[in-house]
Amino acid sequence: MDALILLGSFLLLILIGMPVAYALGAAALIGAWWIDIPFQAMMIQVTGGVNKFSLLAIPFFVLAGAIMAEGGMSRRLVAFASVLVGFVRGGLSLVNLVASSFFGAISGSSVADTASVGSVLIPEMARRGYPRDYATAVTVSGSVQALLTPPSHNAVLYSLAAGGTVSIGSLFMAGIVPGIMMNLCLMALCLVFAKKRNYPKGEVIPLKQALKICREAMWGMMTLFIILGGILSGVFTATESAAIAVVWAFFVTMCIYRDYKWSELPKLMHRTVRTISIVMILIGFAASFGYIMTLMEIPAKITTAFLTLSDNRYVILMCINVMLLLLGTVMDMAPLILILTPILMPVIVGIGVDPVQFGMIMLVNLGIGLITPPVGAVLFVGSAIGKVSIESTVKALLPFYAMLFLVLMLVTYVPAISLWLPHLVL
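Residue numbers (UniProt numbering): 1 to 426.
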């Protein structure tokens, strides 16, 4: 009955249109009233949920990504990707995916990736003869890898939701191989389509121009080397690296590229603060929601239910995948990570799955949800930028869904894909 009151009230509030963050807080209050917990205890949980040093990584990484996105970085990364792969048949689709890899490794956000890369490449692909729905499908599917590769904001959220038992550095390292593998699978699919549909072949960029493009792009790419190099060398933590990334992004944008006006900075800061405030409210209320769930022993009951269902870890993992895929299509990623991680962590530990690997499983699952209707935020952004209907984009995405599902199965059932690099370097 306790679980029905807590989860039922949360779902009811969502259905009547209340924002997810406030629905979490209100449901937690209802649950506290039901089990006779003082509301003051809830407020302590809310403030304690956001009073964590590691959380500073999120606003810093968001700000660094925003500065680089609006400061001309996306245009230079697209040009750099063109030097690498733009000369093959269907090269612009490969340029799109490679540029998404580079920009995702700087912004850590699929929405920012789609908006920045898509605004440059979708119109250009359409001008070169690619169907708009196909160009949009390539853009939104390629942006999923931004959730895996560092500096992924959602990896920081997962570490927080796991109670700090999983280090952010390990998650950053774990996402690199799955992210590269995802990109390669999508590129292979694009090459097949290019040959089958006879998409245009790009031109080789002259050496002198290519060197200039690479030199300009390297300033921005240094952000990734600063983040990873500092963490791996032990010079600074993931949170400290985020602050350093902001300073570097600001220096490159305002002093090297100089495409961004100083007068626009206050507006950029305002947008960033609005984004971060929403995330922090969500984290605080999710902490109180998780506290009530623990008191009601909901995670333990769900663990027992899963283990009763089957004693085979592969069957349980498949059931979890199906659940995450379905939930990811109807709810945003951040609240799902904050709600489901404390619930599922005892399950995956009980069946012997490494929490770092499970972090990658969760990110891939929910990343697919971001490009799947009815509540796919990245899908909506891509369709708006590409000026195509949701239906057309989803139809073009079908083969890309198949590739992403293949990557999901590999990440789920081959632990070494996620764990090899963290074990090697950390």
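Just so you know, even glycine gets a beta-carbon here, dropped at the ideal spot from N, CA and C. Everything numeric in this text was worked out from a predicted model, so none of it was measured.
Three or more Cβ pairs closer than 8 Å define a contact, and the region 102-121 meets that threshold against the region 214-229. Taking Val120 as the centre and dropping the five residues before and after it, the same chain places the C-beta of Ser74, Arg75, Val78 closer than 7 Å to its C-beta, in chain order. Below 8 Å, too few C-beta pairs join the region 169-184 and the region 373-386 to call them touching: fewer than three.
When secondary structure is reduced to three states using DSSP, Lys208 falls in the helix class.
For Trp33, the number of other beta carbons within 10 angstroms of its own is below 16, and it is reported as exposed. Between Lys201 and Gly91, the C-beta spacing is below 8 Å.
A Cβ-Cβ distance of about 18 Å is found for the pair Ala3 and Phe285, leaving them out of contact under the 8 Å criterion. Judged by DSSP in its simplified three-state form, Arg258 adopts coil rather than helix or strand. Taken in chain order, the complete alpha helix (DSSP H) segments of 4 residues or longer contained in the region 321-388 are 333-350, 355-370, 377-386.
Taking the Cα positions, Ile276 is about 13 Å away from Asn154. Burial of Ala64 is indicated by the presence of at least 16 other C-beta atoms within 10 angstroms of its C-beta. Secondary structure of Arg89 (DSSP, three-state): strand. By the CB criterion at 8 Å, Tyr260 and Met269 fall outside the cutoff. Looking at Leu12, Val166, Ser288, the one whose alpha-carbon comes closest to that of Gly48 is Ser288. Nearest in C-alpha terms to Val46, of all of Phe61, Ala26, Ile58, is Ala26. Two segments are said to touch when three or more pairs of C-beta atoms, one from each, lie closer than 8 Å; by this definition the region 313-325 does not touch the region 79-90.
Nearest Cα to Ala146 within the set Leu366, Val414, Leu424: Leu366. The Cβ-Cβ distance between Met68 and Thr239 does not fall below 8 Å. Inter-segment contact for the region 330-337 and the region 37-46 is absent: fewer than three beta-carbon pairs are separated by less than 8 Å. With a 10 Å radius around the Cβ and a threshold of 16 neighbouring Cβ atoms, Tyr291 comes out buried. The alpha-carbon separation between Ile205 and Ile371 amounts to approximately 33 Å.
Under DSSP, Lys395 shares a beta bridge with no residue. Cα atoms of Ala23 and Val247: separation of roughly 36 Å, rounded to the nearest angstrom. Distances from the CA of Tyr130 to each of Asn198, Val117, Pro151, Ser100 were compared; the closest alpha carbon is that of Asn198. Counting only the Cα atoms, Leu12 lies some 33 Å from Val388.
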